[in-house]
Every structure is written in structure tokens, then in C-alpha cells.
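When we follow my numbering, the leftmost residue of the sequence shown carries the number -13, and every step to the right adds one.
No residue lacks a Cβ here, since even glycine has one placed at the ideal position from N, Cα and C.
Here the structure is a predicted model, which is why all the values come from computation and not from measurement.
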Amino acid sequence: MKLKDLIKDVPVRRTVNFNNVEVEGLAYDSRRVRANYLFVAIPGSRQDGHAYLYDAVARGAKVVVVERKDLVVPSDVVSLLVDNSRLTLARLASTFFGNPSRRLKVVGITGTKGKTTSAYLLHALHQAAGERCGLISTISYQIGERAISSFNTTPESLDLQEMMAEMENSGCQAVVMEVSSHGSAQGRVTGIHFDTAVLTNVAGHEHLDYHGTFRNYLQAKLKFFEEYLSSSIKEDKLALVNLDDPSASRFLKAVAEKNIRVVTWGQKKRADIKLLSYTLERTGNHLQILVEDKVEPFFSPLRGLGNVFNVLLTVAYGWARGFPLKVIRTALSQTAVVPGRFELVEEGQPFSVVVDYAHTADSLRSLLTSVRALRPRRIILVFGCGGDRDRSKRPLMGALGARLADLVIITSDNPRSENPLRIAEDIRRGIPLFFRRKAVVVIDRRQAIQEAIGLADAGDFVVIAGKGHETYQIFQQTVVPFDDRLEARRALQSLSQRSGAPGTG
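Below is the structure:
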């Protein structure tokens, strides 16, 4: 694509060495630059892309986009000075890949909890209706028949546009994606034309290490509706809002003046799609939902209280978008597990082992409440908190764990640059003195899982929380392989071998 065509919608403050070159690719990572590429230097919290400008030029970049005036480039390289290089990247990417979101049905889901499972369910719904559908989630990106591991809940704008172009080329008609607060605040979804924006919920003590305050965090979520959905060119735009959430009125107000259709869901009487009752069972959840003044039964093999509301959201979306109830029920029945979300690990043991991503106070409360509803003999909880993240949630999670579980093993999560012992002490400090006899600290996560499974008896639930689908642990600058599900399976197999050895029992 010629540079003039590529930058036609980009506000450029100053141009140096302009030449209408042919741009053969875009990159914001200098290592991905090839001959005749355009490189965008993005300043970040840890690294500044401007520091890699000359590496990009050495690798073949013929155009660079910068925010700094003091950088000098060779005479055969075009330099474009802009106010915001990250937003410029989003506009360039959208143009370069032909604006695929204009033709795809794009569903964006934001919220503190439930984004991933809801994304899987809505993806299944489109597929059950015969529509080929892409998926961009915390767990994986599904592009046609190809699935790749996720590297960000909401990838950078260039990656998003490239994936959507691939989805369109592979025959996809729709895409369901998670929109994180980071993705919204940083403008990664700029240039994407959404058909539907979904709010699951907004809880405190999440990503405050980045946003600073709950108000800023909430504003990032609101921005998705106020700015990104409202600026979409789609005609039948839809805002799907959880009416039970304390912040619901803020979201309803945000779209009220934008001529955007709103559908609400929840337990409140005035919700368009209303949850009347539910039953949590070991085989899944049964729901009674009021749809157009008629009580409709639904079943999902996904377990736990959180999934009650993920299913309710799916029914609301399906109804709002005209999917037959039969198709909605089919999609629900076909989604039996979402990796790392109330995922059972089975090796024939007489007790249950659950691995879940719950890493906030609200999600841990929901998880343990769900397990308690299944009438376990005891709950043995293994969890920790991530380092370099909001410290204020640690004592809250410690208090919750001790109150709702029978035994608590505090362990390491992703400590990053922090001392794991200090993180564990932050958690332990929130446990009331009369509950502390329930809790022990075992920093090595593998050992913690082994000890929890070794302590379990028939009818118990071992709950391993915090990492879910993740297949690694982060220590300082080192990433090591680690999967809670795999470690639990190994511990169960080892236990089975020991109990079945000659001379035992």
C-alpha cells in the first residue's frame, strides 16, 4: 500500500523526508520489521519503542512513526511525528488490513469477571447457528480452524486487525472478543466497528496497579461503550448490560444519548431477560429464565455460581440478536468446559479437584460459594496472589478463604519481582486470629498442590485457585512451565500408585 493512502486518515504533525513509498508491512516491535516496513515507536511503562528506532531502520523500515522531535533518521527513511503513536498504529492497522471489522459481526465483552467463559459461550452460539466465528480471548485466539495460545486478553491494535483480516479470509462471519480495561484505556480497539458491547460486571480491587483508582478502572470500562461502540458505523448496535451490577446505571446513561439499543439481564424485576431461579449441581447448572413473559428452562454443564450468570448473559444476547431458543440450548449443551474455569481434574479419586482462575476477592467468593453449594465434606483451598499487582486485595482474599474453606494452603502465584513470602504474609494478615489455625503457608506451589491432595478424603473438594488455564509461573524475569491441572493430575496419579502398592490398605 502506498504511504499516502495509508496515512490519509492519520493526523501528522510533521513529516521529514517524505516519499510516497510502498509500505509492505507494519510493526511496533523492531524484531518483526522487514524490508519496506513502517515502524511505530510506542512509549510504554517498561520499554520505549523509540529506543529501538534505529534497530527497525537497520532491519529495513522505510517509514517510522514517532512522538519525539529529537530523533534523526537517514535521508531515505520517512519520519512522521504524531501526538499519540499507539492510536496512530490502530488507525494505520485498520486501513492497512482493509477494515475487516466493517464486514464482520463484532461482539466485545468487558467486565471484571466472566469475560472468558461468556466469550466461549457466545462463540459457541454463533457456531451453533451455522455462522463461522472467530474468538479472541484470554485463553486462546481461534482464527477459522486455527487456534493459537493467547499472549494478551486484548492484543495490540495491529495484532487485532491482522487476526480479523485472517478471520474474514478464512470465511468467518463474526468474531467474539474480550475487551480488557487495559485494551480500552490504551486505545487498542480503536478502529474496530463493534456490533455489540457486553458488560458482565465491574468489581473493585482489580488492575488498580495500572489504573490507580477504581474510578479510572470504571472509566476504562465505560469508554468501551461511550467511545468505541458509539463510534461504530454499524446500524443495529446493541449494548447488553448486567442490570444487577452497581455500576449499571452509569453504562445505561452512557449509551442513552447515542441512539444505541439496550438489552438488560439479571435478577432485578425490570431486567429484559430475568433470572427467576437456579440450581447448582455436580453435573451442571439448571436455570429458570423469564423470556418474553414465558418461563424457559435452560441447562449448562458448566458448573458454579459464576456460570449461572454467564449462561443468563448468553440467553440475553441470543434473544436480543434473534437466535432461536433451540439454538441457544444447543450452544449451551455443547460447551462443557472452559479451560481453567471450574475445571475438574479426574483420575478416579473419591474426592473432587477443581482448578479455577479466580484471582480476585469477588471471584474467590463466588468460587467457594459454588463449591459449598455442592455439599462437600470439606473444602481444601490452595491459592496465592500475583506479585506487582494490587496489594490491597491480598488480605481480603485471605479473610474470604479462611471463612469459606475448611483448610487453606497459601502458596505462590506469579510473584514476579516480589518476594513470595511477603505476598503470603500480606494474605495471611487478613485472616482473623481465630481462623489462622486453618491456614498454612507452603510457598512452593507444586508442593502445596501435593499436600492438599494428600490431605483430601472421600467427599472433599480440593480447590486450586488463581492461575486456571495458565501454563507458567513468573519469577523475577524468568518464566517457568507450570500448569495447575497437570500438577494436580500428577499428584493424583502418585497418590493412586501409593494407595495401590502391595502391602498397603
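Exposure label - residue i; buried when at least 16 CB within 10 Å
| i | result |
| --- | --- |
| Pro86 | buried |
| Phe137 | exposed |
| Asn5 | exposed |
| Ala474 | buried |
| Asp(-9) | exposed |
| Pro488 | Residue placement at Pro488 is flagged as unreliable, the pLDDT there being 43, under the threshold of 50; a coordinate-derived value is accordingly withheld. |
| Phe284 | buried |
| Arg307 | buried |
| Thr269 | exposed |
| Glu154 | buried |
| Gly292 | buried |
| Tyr203 | buried |
| Thr490 | Bear in mind that the predicted position of Thr490 carries a pLDDT of just 36, short of 50, making it too unreliable to give a figure here. |
| Gly370 | buried |
| Arg471 | buried |
| Phe295 | buried |
| Phe420 | exposed |
| Tyr458 | exposed |
| Asp69 | exposed |
| Val(-6) | One point to set straight first is that residue -6 is Lys, not Val, in the sequence displayed. Looking at its Cβ environment, which holds fewer than 16 other Cβ atoms inside 10 Å, Lys(-6) is exposed. |
| Leu39 | buried |
| Gln483 | exposed |
| Gly326 | buried |
| Gly100 | buried |
C-beta contact flag for residue i and residue j at 8 Å
| i | j | result |
| --- | --- | --- |
| Leu262 | Asp231 | no |
| Lys220 | Phe180 | yes |
| Gly11 | Ala76 | no |
| Thr355 | Leu390 | yes |
| Ala347 | Leu386 | yes |
| Ile366 | Asp392 | yes |
| Gly445 | Arg363 | yes |
| Phe309 | Ala110 | no |
| Ile450 | Ile460 | no |
| Asn228 | Gly198 | no |
| Ala442 | Val394 | no |
| Phe83 | Ala189 | no |
| Val(-4) | Leu24 | no |
| Val331 | Val323 | no |
| Leu90 | Val161 | yes |
| Thr250 | Ala257 | yes |
| Met163 | Ile129 | no |
| Gln147 | Ser80 | yes |
| Val58 | Ala47 | no |
| Gly384 | Gly416 | yes |
| Thr98 | Asn187 | yes |
Segment limits, beta strand (DSSP E) that includes residue i
| i | result |
| --- | --- |
| Asn541 | Residue coverage of the chain in this structure runs from -13 to 491, which leaves residue 541 outside it and unanswerable. |
| Leu224 | 224 to 228 |
| Gly270 | 270 to 277 |
| Glu282 | 280 to 286 |
| Lys260 | 259 to 267 |
| Val426 | 425 to 427 |
| Gly11 | 11 to 13 |
| Ala183 | 182 to 185 |
| Arg0 | 0 to 2 |
| Glu164 | 160 to 164 |
Terminal residues of the alpha helix (DSSP H) in which residue i lies
| i | result |
| --- | --- |
| Phe495 | Within the shown structure, residues of the chain are numbered from -13 to 491, placing residue 495 beyond reach of any answer. |
| Ile246 | Segment: none, Ile246 is in no alpha helix (DSSP H) and carries neither H nor E. |
| Thr316 | 311 to 320 |
| Met384 | Contrary to the premise, residue 384 reads as Gly rather than Met in this sequence. Start and end: 379 to 390. |
| Leu(-8) | -11 to -8 |
| Leu393 | That residue, Leu393, is in no alpha helix (DSSP H); its beta strand (DSSP E) goes 393 to 396. |
| Ala206 | 200 to 209 |
| Ala171 | 167 to 171 |
Proximal residues to residue i (C-beta, below 7 Å), its chain only, five neighbours per side dropped
| i | result |
| --- | --- |
| Phe210 | Gly94, Thr96, Val165, Ser170, Ala183 |
| Tyr14 | Val26, Ile28, Gly35, Leu75, Glu142, Leu144 |
| Ile134 | Ser126, Tyr127 |
| Ser403 | Gly373, Asp374, Gln462 |
| Val248 | Ala225, Val227, Leu238, Val241 |
| Arg(-1) | Leu67, Val68, Asp69 |
Same chain, Cβ closer than 6 Å to residue i, five either side skipped, listed in chain order
| i | result |
| --- | --- |
| Ile246 | Lys223, Ala225 |
| Arg45 | Val19 |
| Ser398 | Gly370, Pro406, Ile429, Arg431 |
| Gly290 | Phe328, Ser356 |
Other residues of its chain near residue i: CB distance less than 8 Å, five sequence neighbours each side excluded
| i | result |
| --- | --- |
| Arg476 | none |
Which parts of the region 65 to 134 are runs of the beta strand (DSSP E), unbroken and 3 residues or longer, counting only runs that do not cross its ends? 91 to 96, 119 to 122, 126 to 129
I'd like the ranges of any alpha helix (DSSP H) spanning at least 4 consecutive residues and lying wholly in the region 18 to 67. 39 to 44
Fully enclosed by the region 327 to 373, which alpha helix (DSSP H) runs are 4 residues long or longer? 347 to 359
Give, in chain order, every unbroken run of the beta strand (DSSP E) that is at least 3 residues long and sits entirely within the region 461 to 487. 464 to 467
Length-filtered (3 minimum) beta strand (DSSP E) runs lying within the region 416 to 452: 425 to 427, 447 to 451
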